[in-house]
Amino acid sequence: MDPSIEITDTITIDAYTGDAPVSGRFTADYRAWALAKPMYGRPTMRPAEPNLADWCDTRVGWGLILPERPGLTAEQLAGAGDAPEPIRELVAARNAKVLRYRAGAQFGEWALRDYAGGGDRLNADSPVGTGPQDVPKYLLIYATPAEVPWHIQYALNPVRFVGRLDLTGDALANYVAALLNDWNDATCSYASPVVWAVDHGAGDITTLMRDTVAAPIFEAFAADNEMPSATFIDGSPGQATAAELQSALATKRPALVVTSSHGRTGPLDDLDAMRENLGIPVDQDHQVISPTALLKVWQPDGAIWFAQACCSAGSDSPTSYARLFEPGTLLEQTLTGIAKVGAMTAPLARALLGAPKPLRAFIGHVEPTFNWTLSFPLNREVLTDDLKSSIYGGLGLGKPVGLAMSGYYPAIATKLQQYLRAKEDYDAQVGPAEKKPLDMLVYSRVTAHDRASTVILGDPTAALSLPGN
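In the working numbering, the protein residues as written are 2 to 470.
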């Protein structure tokens, strides 16, 4: 029913003069007031703050990083003509800036050269956007880690939203086609996230991973009334097997998948076998999840997967932890063995991202995660709240994966400040007093690298569709 104004009606307001509540009547001619254009909400000269989820905004932007290949002219390097057709199609559709990774730049170890805009973009101070002097906020690296090293992604993670795509052929075409139509026919279910946590007990790190990563994320899912079918395959009281995970993915068709387990890193004497299974989650029975078997019964179809496991995103060479661990121990031998396979992305992530109905994004680790990153060794304080916030509070709110994960990286700066302060303390000490700052140097460097090497595979603009959208 529409409101009707009668000038004889009494109108009251929530004011008191000191003598009585305030009331009155409408003026006989209220037409002039009703037709006057409201002033609030009108645009002003002050610019609105950019919405970081809107990568189409020129103040935010999306760009592509390619390696600088020899034999190409500056004009050719300004575009993506040397990239496969799906990448060229993506660049054209997004009218994107193309940046070229250059090692051994004049003013630093590396640079991103903008052949179209002119000049090298050297560091975190580069302005954000799509202008001639800008570096877009969202960056997709299309290259293997041998072509554009992992450390470039690590360095950019705290200041940009970065993903990497290492696919070719049909796999690349599948992913780009889904990305360009924003997975608009995806059937993955927001209501049915799946969490799978292996727990071998007996002091194994999988117990800590289950307790600090998988369980808190599942608790957030379970408390959300839009996720009524959240599933926890919990290896603490039960069996987190590959078969159980495969069955849950096939029946639930989750939009979010979270797994915590060891990642396969052997056999150390067979490099081809290591490359084939690198970083694949290992189940309660110490069996790997076969990507081939998994994709026979389940298509990712727009899901996002976070895998807490050694090398779940890939490996690097040389290892970042050379000379830290006692030679001849299994830990040192494993890290050295992983480095021998070279810098590469992990096979499970590649298989899922290149599937006929591909994954939106895969989030994982290059090299291992240490228990120090999950809980502070002195008082066992849990240190994974940023991760839970990124997965549930970021991805679960429909934020682009790059934006969602951005809250995980700022702690790197604090850890590096701790490192620099510990270095000053170490330089000022002699003898036994050196040990305390030396230990802090190790802790700060390990935990900073662990966070930085948590990476996104897939396009950083990929975002889940929320219920009702």
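For every residue, glycine included, the Cβ atom is placed at its ideal position computed from N, Cα and C.
Annotation for Leu458: the continuous beta strand (DSSP E) segment containing it runs 455–458. For Ser376, no alpha helix (DSSP H) segment is defined, and its DSSP state is neither H nor E.
Separation of Asp10 and Phe27 (C-alpha to C-alpha, rounded to the nearest whole angstrom) is 8 Å.
Arg361 sits close to Ala304, with the two beta carbons spaced by under 8 Å. When DSSP states are grouped into helix, strand and coil, Gln309 belongs to the strand group.
With respect to the 8 Å criterion, Arg103 and Ala112 are classified as neighbours on the basis of their beta carbons. Pro461 places its beta carbon less than 8 Å from that of Leu140. Under DSSP, the beta-bridge partners assigned to Asp121 are Arg114.
Contact check for Thr370 and Ala340: beta-carbon distance about 17 Å, past the 8 Å limit, so the pair fails to qualify. Distances from the CA of Thr145 to each of Ala243, Asp135, Gly164 were compared; the closest alpha carbon is that of Gly164.
Among the bridge pairs identified by DSSP, Trp56 is matched with none.
The three-state reading of DSSP puts Trp184 in coil, since its state is none of H, G, I, E or B. Between Val177 and Pro87, the CB-CB gap stays under 8 Å.
Rounded to whole angstroms, the gap between the alpha carbons of Lys389 and Asp428 is 37 Å. Around the beta carbon of Trp306, 16 or more other beta carbons sit within 10 angstroms, so the residue counts as buried. Looking at the backbone, the Cα of Gly394 and that of Ile6 are separated by about 46 Å.
Rounded to the nearest angstrom, the Cβ distance from Leu396 to Leu384 is 20 Å, too far for a contact under 8 Å. With at least 16 other beta carbons inside 10 angstroms of its own, Asn278 counts as buried. Within a 10 Å sphere around the beta-carbon of Ser316 sit 16 or more other beta-carbons, which makes this residue buried. According to DSSP, residue pairing for Tyr102 in a beta bridge involves Pro68, Leu113.
Collapsing the DSSP output to three states places Gly394 in a helix. A check of alpha carbon separations from Lys437 across Thr252, Gln419, Pro401 identifies Gln419 as the nearest. Of Pro328, Asp200, Ala216, Pro68, the smallest CA-CA separation from Pro282 is found for Asp200. Listed as beta-bridge partners of Tyr139 by DSSP are Trp63, Phe162. Beyond the five residues adjoining it in sequence on each side, Trp63 comes within less than 7 Å, by CB distance, of Trp56, Arg95, Ala97, Pro137, Tyr139, Thr462 in the same chain, given in chain order. Within the same chain, Val99 come within 7 Å of Gly80 by CB-CB distance, once the 5 residues on both sides are set aside. Between Ser313 and Gly365, the CB-CB gap stays under 8 Å.
Per the coordinates, the alpha-carbon of Ala216 lies some 21 Å from the alpha-carbon of Val289. Uninterrupted beta strand (DSSP E) stretches at least 3 residues long and entirely within the stretch 212–240 occur at 232–235, given in chain order. C-alpha of Val443 to C-alpha of Arg324: approximately 12 Å in a straight line. The beta strand (DSSP E) runs lying completely inside the stretch 322–392 and spanning 3 residues or more are 362–366, given in chain order. Here Ala203 carries a coil assignment [DSSP, helix/strand/coil]. In this structure the stretch 181–199 touches the stretch 215–231; the number of beta carbon pairs closer than 8 Å is three or more. If you check the CB distance, Gly119 and Pro133 come in under 8 Å. Excluding five sequence positions before and after Ala16, the CB atoms of its chain that fall closer than 7 Å to its own CB belong to Val23, given in chain order. Counting only runs that start and end inside the stretch 425–457, the alpha helix (DSSP H) elements of at least 4 residues fall at 436–453.
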